[in-house]
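Asker: One structure coming up, written as structure tokens, with questions to follow.
2 protein chains.
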Amino acid sequence: MTDAPFRFTLLHQDGHARRGEMTTPHGVVQTPAFMPVGTRGAVKAITHRDLEDMGAEIILGNTYHLYLKPGDDLIARAGGLHEFMGWNRPILTDSGGYQIFSLADRRRISDEGAEFRSHLDGSLHLLTPERATDIQAQLGSDIAMVLDECIATPSSLQDARPAMERSVRWAARARARWLQLRDAPASLPGVVVANPGQAQFGIIQGATHPDLRTESVQATVEIGFEAYAIGGLSVGEPAEIMYEVVAHTAPQLPHDRPRYLMGSGMPDDLIESVARGIDLFDCVLPTRNARNGQLLTRSGPLVIKNARYAEDPLPPDPGCGCYTCRHFSRAYLRHLYMAGEMTAATLNTVHNLYFYLDTMRRIREAIKFNTFETLRLEFRRTFSRRSQRL
Amino acid sequence: MTDAPFRFTLLHQDGHARRGEMTTPHGVVQTPAFMPVGTRGAVKAITHRDLEDMGAEIILGNTYHLYLKPGDDLIARAGGLHEFMGWNRPILTDSGGYQIFSLADRRRISDEGAEFRSHLDGSLHLLTPERATDIQAQLGSDIAMVLDECIATPSSLQDARPAMERSVRWAARARARWLQLRDAPASLPGVVVANPGQAQFGIIQGATHPDLRTESVQATVEIGFEAYAIGGLSVGEPAEIMYEVVAHTAPQLPHDRPRYLMGSGMPDDLIESVARGIDLFDCVLPTRNARNGQLLTRSGPLVIKNARYAEDPLPPDPGCGCYTCRHFSRAYLRHLYMAGEMTAATLNTVHNLYFYLDTMRRIREAIKFNTFETLRLEFRRTFSRRSQRL
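Here's what the structure looks like:
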């Protein structure tokens, strides 16, 4: 770990698609990049070694879950999240806001912050923009996110405006706190700054309303962060709407900073968003779908429990180079899944994450050689979201 | 895979402890050896790569489970169990008898065989000595076991004698079938011999009665098998009783064949049984206990959920070289276990199996250097079965 400040180098551009390098205290991330989700300090069903072998350069940790258990104080005393979980590559933490807003009737939002009851024991907690910043300082992630207000979709302009404006006010408070922790940590003796080189990203809100998005960009960039994320998407809206908002918002963000589309998406979402200028992604789909027996292939999802695979000697995706595809047949994977063996979740997760990371590698190569549009068209032609009869 | 017949070479002896090499169609096994249990074609919670990395040279598959799901016919069509599950090292299959006898009121034993109802769907099945042999021929394991009658412990002489005698009659029928499959496979067109080099082991019964054990050895060796196992132990009797039966039985078995103690045991059981002439072991304890959060160390079991480990930065066993101990703290493993993360089961299983396999490596080295008795005494002095406050 170095204290070298966060840095982003734009290496090449092909249309709106960008090839870059993001430097963090725990190493460099080649962008566009996908971040596997390690909710509670572990990417579900696999080991760090699996992640390293498949080339994961950065993972995401969920502040809400880690704050509740085992707690940011405990993690800070262990030396931060990297040290605690034995993962030495970059980590981005979310602010906890998204999980809290998902608690529905167990939370209450005010200008002060988000009051919520733990899903674990019902205990009452208040997450303010300052507290979310402190917790992430104690976790010591390489990239912290500001607390923002997420709202349901679709949202009217009347509902979306106040949430966007509150998110901007919260962003200013979160940034002030982050600067205080950086420049005068002694003034906040209760907070351990586990990673002095931590960067902080702002989040653009505004639902599907272009004017609100533009306002949010202007106000958030005015505050000034190491980089910016687009929030409030991938929450159930049609893909075309998401692409429109991304196409509207991304180009307004600083050209020399990475742009992170939060919570997205399916493989085609990744390609379409890269085409609109996005550099970073995270999503639970590859890991969650793996545990549900859905394997992603270049032509689309394969549902392993289907009887048609009972005696199929082929790997999930004959063109794939992952550990699972190099060693196991659909017949065996189906057997493991039907028998309820945990190893099914492991092998399926290895495949799906490899598929995502490999897709990102192909995207990066294509941008480098100015063939991104070809890759995009090929993907559109060959990949379908419908379950495939392979 | 070669058709080379099963072979055992006794390399060295230190007291009654034996250092050997067991050759099978899928490779050589250094003995004394421990076989991780891969019940349904997978060792629970880990991948084959984990097994290979920790040096597992042979695993066990359960005929009962594989017969019911996905079925031995399907596995035979896939080319046998090795091909089906993508494991290229030796496999031993049990006969299914032990699982069936565990079904209690769902089974009925007669001279013909064991009639039972599937624990999955209640369907009725009859497992005869011939059928158990056929199923294992179709699975294509490197070592097949004869069907034997297991009884509850303790058993009176009156109960134990007929079961032992029936086991001998069944062993003769199983051997006759095995010879027919080897010498005249065309006479049994319904059975696919997936592994022509498969060996068959006989099983010694007789509960805790020395005279019955001696009779069982004589009758079973008279039938003639590639090697012999001691069955009916590790079923709840005190360790000292088991050691006595092993000490009585093992020396009567052919000196030039491996001796397999079925279903045993704790680490000290392994050492004490090697001291009495045993070469092969299998047991679900390291994998099952791992899933229950019990980690084995050189001083004894560590219960990871204990609050004392919440902030413990040490690995489970600081002297251990496994992947888990090289990378993760007790604090992190406790967090994963308490959070219910599947990765807890994986990392704990990696550690416990490594501990078993490493104990076997130490045993083999000690025999080679004639220091086995020193290792045994050191183990007795330092290892306790009681949960440790580490």
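Just so you know, the sequences run in chain order Y and Z.
Per the numbering used here, the first sequence runs over residues -16 to 373.
Per the numbering used here, the second sequence runs over residues -16 to 373.
A virtual CB, placed ideally from N, CA and C, is assigned to each residue, including glycine.
Every value quoted in this text rests on a predicted model; they were computed, and no experiment measured them.
(1) With respect to the beta strand (DSSP E) encompassing residue -5 of chain Y, which residues constitute its N-terminal and C-terminal limits?
(2) Checking contacts by CB at 8 Å: is residue 270 of chain Y closer than that to chain Z?
(3) Assuming residue 44 of chain Y is part of the beta strand (DSSP E), what are its boundary residues?
(4) Just verifying my parser: in three-state terms, what is the DSSP assignment at residue 240 of chain Y?
(5) What are the start and end residues of the beta strand (DSSP E) that includes residue 371 of chain Y?
(6) Return helix, strand or coil for residue 80 of chain Z, following the three-state DSSP convention.
(7) Compute the Euclidean distance between the alpha carbons of residue 80 of chain Y and residue 47 of chain Y, then round it to the nearest angstrom.
(8) Could you check what DSSP says for residue 229 of chain Z in three-state terms: helix, strand or coil?
(9) DSSP on residue 254 of chain Y, reduced to helix/strand/coil?
(10) Identify every residue that forms a DSSP beta bridge with residue 325 of chain Y.
(11) I'd like the span of the beta strand (DSSP E) that includes residue 267 of chain Z, first residue to last.
(12) Whose CA, out of Y:208, Y:32, Y:95 and Y:50, lies closest to the CA of residue -12 of chain Y?
(13) What's the call for residue 324 of chain Y, buried or exposed, on a 16-neighbour Cβ count within 10 Å?
(14) State the start and end residues of the unbroken beta strand (DSSP E) segment that holds residue 58 of chain Z.
(15) Once the 5 residues before and after residue 314 of chain Z are set aside, which same chain residues still bring their CB inside 7 Å of it?
(16) Write down the C-beta distance between residue 128 of chain Y and residue 184 of chain Y rounded to the nearest angstrom, noting that I regard them as a contact closer than 8 Å.
(17) Name, going along the chain, the residues of the segment 55 to 71 of chain Z whose beta-carbon falls closer than 8 Å to a beta-carbon of chain Y.
(18) Quick one, which of Z:188, Z:235 and Z:259 has its alpha-carbon nearest residue 223 of chain Z's?
(19) From what residue to what residue does the beta strand (DSSP E) around residue 154 of chain Y run?
(20) Give me the Cα-Cα distance between residue 205 of chain Y and residue 213 of chain Y, rounded to the nearest whole angstrom.
(21) According to DSSP, simplified to helix, strand and coil, what is residue 2 of chain Z?
(22) Does the Cβ of residue 354 of chain Y have 16 or more other Cβ atoms within 10 Å, making it buried, or fewer, making it exposed?
(23) For residue 67 of chain Z, count neighbouring C-beta atoms within 10 Å of its own C-beta (all shown protein chains included) and say buried if the count is 16 or more, exposed if not.
(24) In its own chain, which residues sit with a C-beta less than 6 Å from the C-beta of residue 374 of chain Y, not counting the 5 before and 5 after it?
(25) Quick check on this structure: which residue in Y:170, Y:279 and Y:158 has the alpha carbon closest to the alpha carbon of residue 337 of chain Y?
(26) Would residue 89 of chain Z and residue 72 of chain Z be called neighbours here (beta carbons separated by less than 8 Å)?
(27) Are residue 362 of chain Y and residue 251 of chain Y close, meaning C-beta to C-beta below 8 Å?
(28) My assumption, with CB atoms under 8 Å, is that residue 83 of chain Y sits in contact with residue 49 of chain Y. Please give the rounded CB distance.
(29) Counting Cβ pairs closer than 8 Å, one from the segment 116 to 125 of chain Z and one from the segment 157 to 166 of chain Z, do we hit at least three?
(30) Do the segment 166 to 176 of chain Z and the segment 131 to 139 of chain Z touch if we need at least three Cβ pairs shorter than 8 Å?
(31) Okay, do the segment -8 to 0 of chain Z and the segment 185 to 201 of chain Z touch, 3+ Cβ pairs below 8 Å being the bar?
(32) Residue 24 of chain Y CB to nearest chain Z CB: under 8 Å?
(33) Does residue 45 of chain Z pass the burial test, meaning 16 or more other C-beta atoms within 10 Å, or should it be called exposed?
(34) Counting only beta-carbon separations shorter than 8 Å, does residue 50 of chain Z have a partner in chain Y?
(35) Skipping 5 residues on each side, what residues in its chain have a beta carbon closer than 6 Å to that of residue 132 of chain Y?
(36) Taking only beta-carbon atoms, is residue 19 of chain Y less than 8 Å away from chain Z?
Answerer: Walking through what the data contain:
(1) -10 to -3
(2) Not flagged as an interface residue toward chain Z: residue 270 of chain Y, since no C-beta distance is shorter than 8 Å.
(3) 42 to 44
(4) coil
(5) Element bounds for residue 371 of chain Y: n/a, residue is neither H nor E.
(6) helix
(7) 8 Å
(8) helix
(9) helix
(10) The partner list for residue 325 of chain Y (beta bridge, DSSP) is empty, contrary to what the question assumes.
(11) For residue 267 of chain Z, there is no enclosing beta strand (DSSP E), as DSSP marks it with neither H nor E.
(12) Y:208
(13) buried
(14) Careful: residue 58 of chain Z lies outside any beta strand (DSSP E), inside the alpha helix (DSSP H) at 55 to 60.
(15) Closer than 7 Å at Cβ, skipping near neighbours: 292, 293, 294, 295 and 296.
(16) 5 Å
(17) 57, 60, 61, 67, 68 and 69
(18) Z:259
(19) Residue 154 of chain Y -> not in any beta strand (DSSP E); alpha helix (DSSP H) instead, spanning 140 to 166.
(20) 16 Å
(21) Under the three-state reduction of DSSP output, residue 2 of chain Z falls in the strand class.
(22) exposed
(23) buried
(24) Residue 374 of chain Y lies beyond the stretch modelled for chain Y, which goes from -16 to 373, so this question has no answer here.
(25) Y:279
(26) no
(27) yes
(28) The C-beta distance from residue 83 of chain Y to residue 49 of chain Y rounds to 14 Å, too long to fall under 8 Å, and the pair is not in contact.
(29) yes
(30) Taking 8 Å as the limit for Cβ pairs, the verdict is that the segment 131 to 139 of chain Z does not touch the segment 166 to 176 of chain Z.
(31) no
(32) yes
(33) buried
(34) no
(35) 146, 149 and 150
(36) no
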